[in-house]
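Below is one structure, written out as structure tokens; the observations come after it.
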Amino acid sequence: MLETDYLIIGGGATAMAFVDTLLSETEEDQILIIDRNHQPGGHWNKAYPFVRLHQPSSFYGVSSSELSKGIKDQVGFNAGFFELASGAAVKAYFDDVMRHRFLPSGRVQYFPMSNYDGDGKFTSLLTGKQEAVKINKKIVDTTYLQTRIPATHEPNFEVDESIPFIPINQLVDITEPPEGFVVIGGGKTGMDACVWLLDNQVPAERISWIVSRDSWLLDRKTTQPSQEFFESTIGNMAAQFESVAQADSIPDLFRLLEQNGVLTRIDPTVTPTMFHGATVCQKELDMLRSIEKIIRLGRVQRITESEIILDHGKVPTSKNRIHVDCTASAISNLEITPIFQGDRIIPQTIRSYQPLFSASLIAYIESNFDNEDKKNGLCQVVPLPNHDTDWIRMLAIFMTNQYSWGQHKSIRKWLLGNRLDGFSQLIAQADRSDPVKQDIIKRMRNNIMPAMVKLQQFMKELK
Ligand SMILES: Cc1cc2nc3c(=O)[nH]c(=O)nc-3n(C[C@H](O)[C@H](O)[C@H](O)COP(=O)(O)OP(=O)(O)OC[C@H]3O[C@@H](n4cnc5c(N)ncnc54)[C@H](O)[C@@H]3O)c2cc1C
714 MLETDYLIIG
724 GGATAMAFVD
734 TLLSETEEDQ
744 ILIIDRNHQP
754 GGHWNKAYPF
764 VRLHQPSSFY
774 GVSSSELSKG
784 IKDQVGFNAG
794 FFELASGAAV
804 KAYFDDVMRH
814 RFLPSGRVQY
824 FPMSNYDGDG
834 KFTSLLTGKQ
844 EAVKINKKIV
854 DTTYLQTRIP
864 ATHEPNFEVD
874 ESIPFIPINQ
884 LVDITEPPEG
894 FVVIGGGKTG
904 MDACVWLLDN
914 QVPAERISWI
924 VSRDSWLLDR
934 KTTQPSQEFF
944 ESTIGNMAAQ
954 FESVAQADSI
964 PDLFRLLEQN
974 GVLTRIDPTV
984 TPTMFHGATV
994 CQKELDMLRS
1004 IEKIIRLGRV
1014 QRITESEIIL
1024 DHGKVPTSKN
1034 RIHVDCTASA
1044 ISNLEITPIF
1054 QGDRIIPQTI
1064 RSYQPLFSAS
1074 LIAYIESNFD
1084 NEDKKNGLCQ
1094 VVPLPNHDTD
1104 WIRMLAIFMT
1114 NQYSWGQHKS
1124 IRKWLLGNRL
1134 DGFSQLIAQA
1144 DRSDPVKQDI
1154 IKRMRNNIMP
1164 AMVKLQQFMK
1174 ELK
């Protein structure tokens, strides 16, 4: 029988970030990773060929190994901002971490191409052989959020077999130019499909885009982790707190968030009802705004040989157009559960938009704190947003966690040394003689308490 201290279900990015920190924070703990994929990285193994990270590489991956080359893009829609690793680079990176850090440590056993069956047992997908594992400490279930991607997703509507219908992954396989493209899905995947088509010279008039709900978006300029972007990154944090503190009502809050550059949207005449934390830069926004045929008639119900039937109407289509499915929602399980549950750990996000930083900090808390209530208190789950107003609850718990971490000298010190935490370092290293930076920090500090009070009030109104 195999034996381990921690059994990790899944070998995706969350598992990698968790294990990396567990290896750094403990001296002897043994770890066993079980994953259905043939190499680490989870959904990145099946991502569309032109996928890239949505936020800079410099704070993605595992804490101990750099993913970013430390450069800014000079061409393309992200020009001027820190690079966004490609899917291929992310996969190669995790493979490297497994081969050159995890396995040589002698403390990690890795079982790819294996399904976890429950009850400490797993089965090889190649041989069918089942193994049992004696677990001395805990199971870490990194599969709870059920990430879904286009390649592994079944659309929830019918499509006539005469209609060319492909997942976004197959866009790169096209050999015959169609009359046009119909991109189905208004989320980040749909945006990526539209931007890729436009970038490859498809005229905007040949693209129809089905958007069932408009989203509030984050501006990538606010995610740049370097002193030269202090005003846009930390200034954005100050703007968030100020907007909340000044808002008279929830609609007024969203007005201020947009006015202050915290949130943006594709069409200023349409009020978004969705918020998934999708991140874009101004050039992508300009490209998306060049598409005039945006179909806002609800969700697709059926595609026949001549029309697309939606919740609130129909539009004509034909077999001469390629229909691109971008309707997979990245995260399918939005229900939160405590992270520390006896002999089980269920990693979830404890800082907004940063699942890997979160996994790393959860491993640190696991290794350095004993009391389960205390651990859960330090790791309150920041719910993944779906509706626009989820932004409010997300910020409230993010702020509560930041406050709790700040009360512990050891956590404060650890955060400053963690590569995945780009932002604490930015504030700590801000030039004390720079009046602009110091003013931003002051605005942030002055608005924390008023913002917290207002967030509680808004959350009561939402109940
Ligand atoms: C296109 C895209 C871009 C993104 N960009 C960013 C970004 O820039 N920054 C950022 O912070 N986040 C980003 N994200 C968020 C991203 O989802 C996470 O960063 C992360 O990759 C999720 O990893 P995971 O390990 O939680 O899940 P997954 O990748 O789904 O990994 C879970 C693994 O568990 C395996 N598994 C499931 N059930 C079992 C079982 N029973 N037995 C064995 N194995 C099992 C699966 O096969 C999979 O390999 C992006 C997401 C997408 C889709």
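Per our numbering, the sequence shown starts with residue 714, numbered consecutively. Note that the Cβ used here is the ideal one computed from N, Cα and C, for glycine as well. This structure is a prediction, so every number in the text was calculated from the model and none was measured.
query = Nearest to PRO1068 by CA position, among ASP786, GLY774 and GLN995, is which residue?
reply = Against the sequence shown, residue 1068 aligns to sequence position 355. From the listed residues ASP786, GLY774 and GLN995, the smallest Cα separation to PRO1068 is found for GLY774.
ask   = Do the stretch 777–786 and the stretch 749–758 touch if we need at least three Cβ pairs shorter than 8 Å?
value = Judged by Cβ distances under 8 Å, the stretch 777–786 makes no contact with the stretch 749–758, as fewer than three pairs qualify.
ask   = Touch check for the stretch 1157–1165 and the stretch 789–806: three-plus C-beta pairs under 8 Å?
value = Short answer: they don't touch.
Every unbroken alpha helix (DSSP H) inside the stretch 779–837 [4 residues or more] = Taking only runs of at least 4 residues, the alpha helix (DSSP H) segments lying wholly in the stretch 779–837 are 800–810.
task = Using 7 Å as the cut-off, classify the Cβ of GLN1067 as near or not near the heavy atoms of ligand 1, replying yes or no.
result = Translated into positions along the sequence shown, residue 1067 becomes position 354. Result yes, Cβ under 7 Å from ligand 1.
task = Report all residues from its chain with a CB closer than 7 Å to the CB of MET729; omit the five preceding and five following residues, and keep chain order.
result = For the purposes of this step, residue 729 is identified with residue 16 of the sequence shown, where counting begins at 1. The answer, listed in chain order, is PRO753, VAL775, PHE807 and VAL810.
ask   = Do the CB positions of THR855 and THR727 come within less than 8 Å of each other?
value = Position 142 of the sequence shown, counted from the start, is the residue given in the question as residue 855. Position 14 of the sequence shown, counted from the start, is the residue given in the question as residue 727. A contact, by the Cβ cut-off of 8 Å.
task = Select from ARG1156, ASP932 and PRO981 the residue whose C-alpha is nearest the C-alpha of ARG1002.
result = As a working note, residue 1002 is residue 289 in the sequence shown. Of the candidates ARG1156, ASP932 and PRO981, the residue whose Cα lies closest to the Cα of ARG1002 is PRO981.
request  = May I ask you to check if the CB of GLN1028 is nearer than 7 Å to at least one heavy atom of ligand 1?
outcome  = Position 315 of the sequence shown, counted from the start, is the residue given in the question as residue 1028. Per the sequence presented here, residue 1028 reads as Val, with Gln not at that position. VAL1028 Cβ: outside cutoff for every heavy atom of ligand 1.
key: CB of SER1073 within 8 Å of CB of ASP733, strictly   = Here residue 1073 is taken as the residue at index 360 of the sequence shown, counted from 1. Here residue 733 is taken as the residue at index 20 of the sequence shown, counted from 1. Yes, they are a contact pair.
Short Cβ contact (8 Å threshold) for SER1182 with GLU738 = Examination of residue 1182 is not possible in this model, given that the chain is present from 714 through 1176 alone.
ask   = Any idea if SER1123 is buried or exposed, counting beta-carbon neighbours within 10 angstroms, 16 or more meaning buried?
value = Translated into the one-based positions of the sequence shown, residue 1123 becomes position 410. Classification of SER1123: exposed, given that the 10 Å Cβ count is below 16.
inquiry  = Would ILE879 and VAL896 be called neighbours here (beta carbons separated by less than 8 Å)?
reply    = Walking along the sequence shown from the start, residue 879 turns up at place 166. Walking along the sequence shown from the start, residue 896 turns up at place 183. Cβ distance not < 8 Å, so ILE879 and VAL896 don't count as in contact.
message = Any heavy atom of ligand 1 closer than 7 Å to the beta-carbon of ASN828?
response = Here residue 828 refers to the residue found at position 115 of the sequence shown. For ligand 1, at least one heavy atom lies less than 7 Å from the Cβ of ASN828.
request  = Provide the residue span of the alpha helix (DSSP H) that contains LYS948, from first to last.
outcome  = Here residue 948 is taken as the residue at index 235 of the sequence shown, counted from 1. The amino acid at residue 948 is misidentified as Lys; the sequence shows Gly. For GLY948, the enclosing alpha helix (DSSP H) begins and ends at 943–959.
query = Does the separation of the CB atoms of LEU1047 and ASP1024 fall below 8 Å?
reply = As a first step, residue 1047 is located in the sequence shown; it is residue number 334 there, counting from the start. As a first step, residue 1024 is located in the sequence shown; it is residue number 311 there, counting from the start. No.
message = By the DSSP assignment, the beta strand (DSSP E) with TYR719 in it spans what residues?
response = Residue 719 sits at position 6 when you count from the first residue of the sequence shown. Counting along the chain, the beta strand (DSSP E) containing TYR719 begins and ends at 715–722.
request  = State the CB to CB distance for the pair ALA1109 and MET1157, rounded to an integer number of angstroms; the pair is presumed to be in contact (CB under 8 Å).
outcome  = The count along the sequence shown starts at 1 and reaches residue 1109 at position 396. The count along the sequence shown starts at 1 and reaches residue 1157 at position 444. At roughly 16 Å, the Cβ-Cβ gap does not stay under 8 Å, so ALA1109 and MET1157 are not in contact.
request  = Could you tell me how far apart the beta carbons of TYR1077 and TRP1118 are, in whole angstroms, since I believe they sit closer than 8 Å?
outcome  = Counted from its first residue, the sequence shown places residue 1077 at position 364. Counted from its first residue, the sequence shown places residue 1118 at position 405. About 10 Å separates the CB atoms of TYR1077 and TRP1118; that is not less than 8 Å, and the two are not in contact.
message = Which of the three DSSP states is assigned to PHE870 in this structure?
response = Within the sequence shown, the letter at position 157 stands for residue 870. In this structure, PHE870 counts as coil in the three-state DSSP scheme.
message = Are there any heavy atoms of ligand 1 lying less than 7 Å away from the beta-carbon of ASP748, as far as the coordinates show?
response = Taking the first residue of the sequence shown as 1, we reach residue 748 at position 35. Between ligand 1 and ASP748, a heavy atom-to-CB distance of less than 7 Å is present.
message = Rounded to whole angstroms, what is the Cα-Cα separation between PHE943 and VAL915?
response = Within the sequence shown, residue 943 is the residue found at index 230, counting from 1. Within the sequence shown, residue 915 is the residue found at index 202, counting from 1. C-alpha separation (whole angstroms): 36 Å.
query = Cβ-heavy atom distance between HIS1025 and ligand 1 below 7 Å?
reply = Numbered from its first residue, the sequence shown carries residue 1025 at position 312. No, the Cβ of HIS1025 stays beyond 7 Å of every heavy atom of ligand 1.
key: Through-space distance from ASP1038 to GLU867, alpha-carbon basis   = If you number the sequence shown from 1, residue 867 lands on position 154. If you number the sequence shown from 1, residue 1038 lands on position 325. Between GLU867 and ASP1038, the C-alpha separation is close to 9 Å.
query = How close, in whole Å, do the beta carbons of VAL764 and PHE870 come, if the pair is a contact with beta carbons under 8 Å?
reply = Working through the sequence shown from its first residue, we reach residue 764 at position 51. Working through the sequence shown from its first residue, we reach residue 870 at position 157. Not confirmed; about 24 Å, so no contact.
ask   = Between the C-alpha atoms of SER818 and LYS1176, what's the straight-line distance to the nearest angstrom?
value = Indexing the sequence shown from 1 puts residue 818 at position 105. Indexing the sequence shown from 1 puts residue 1176 at position 463. Rounded to whole angstroms, the separation of the alpha carbons of LYS1176 and SER818 is 49 Å.
query = Less than 7 Å between the CB of LEU931 and some heavy atom of ligand 1, yes or no?
reply = As a first step, residue 931 must be located in the sequence shown, where it is residue number 218. Outside the cutoff, so no.
query = How about PRO891 and ASN1033: are their beta carbons less than 8 Å apart?
reply = One-based indexing of the sequence shown puts residue 891 at position 178. One-based indexing of the sequence shown puts residue 1033 at position 320. In contact: PRO891 and ASN1033 (Cβ atoms closer than 8 Å).
task = Since I believe GLU1018 is in contact with ILE876 (beta carbons under 8 Å), could you give me their beta-carbon distance rounded to a whole number of angstroms?
result = Locating residue 876 in the sequence shown gives position 163, counting from the first residue. Locating residue 1018 in the sequence shown gives position 305, counting from the first residue. At roughly 6 Å, the Cβ-Cβ gap stays under 8 Å, so ILE876 and GLU1018 are in contact.
Reduced DSSP secondary structure (H/G/I, E/B, other) of GLU1018 = As a position in the sequence shown, residue 1018 is number 305, starting the count at 1. Coil, per DSSP.
inquiry  = Would you say the beta carbon of ILE1021 is closer than 7 Å to some non-hydrogen atom of ligand 1?
reply    = Residue numbering aside, residue 1021 sits at position 308 when the sequence shown is read from its first letter. In this structure, ILE1021 has its beta carbon at no less than 7 Å from each heavy atom of ligand 1.
task = To the nearest angstrom, report how far apart GLN995 and ASP786 are at their CA atoms.
result = Position 282 of the sequence shown holds residue 995. Position 73 of the sequence shown holds residue 786. Distance between the alpha carbons of GLN995 and ASP786 is about 14 Å.
query = Apart from the five residues just before and just after LYS1167, which ones in its own chain have a Cβ nearer than 7 Å to its Cβ?
reply = Residue numbering aside, residue 1167 sits at position 454 when the sequence shown is read from its first letter. Once the five neighbours on either side are set aside, the close Cβ partners of LYS1167 are VAL957, ALA958 and ALA960.
ask   = THR982 by DSSP, collapsed to three states: which one?
value = For the purposes of this step, residue 982 is identified with residue 269 of the sequence shown, where counting begins at 1. In the three-state reduction of the DSSP assignment, THR982 falls in the coil class, being assigned neither a helical nor a strand state.
request  = Within the same chain, show all residues whose beta-carbon is closer than 6 Å to that of PRO1029, passing over the 5 residues directly before and after it, in chain order.
outcome  = Within the sequence shown, residue 1029 is the residue found at index 316, counting from 1. By the criterion of a C-beta distance shorter than 6 Å, PRO1029 is surrounded in its chain by GLU1020, once the five residues flanking it on both sides are discounted.
query = Do the stretch 1083–1103 and the stretch 983–991 make contact, defined as three or more Cβ pairs closer than 8 Å?
reply = Enough Cβ pairs lie closer than 8 Å, so yes.
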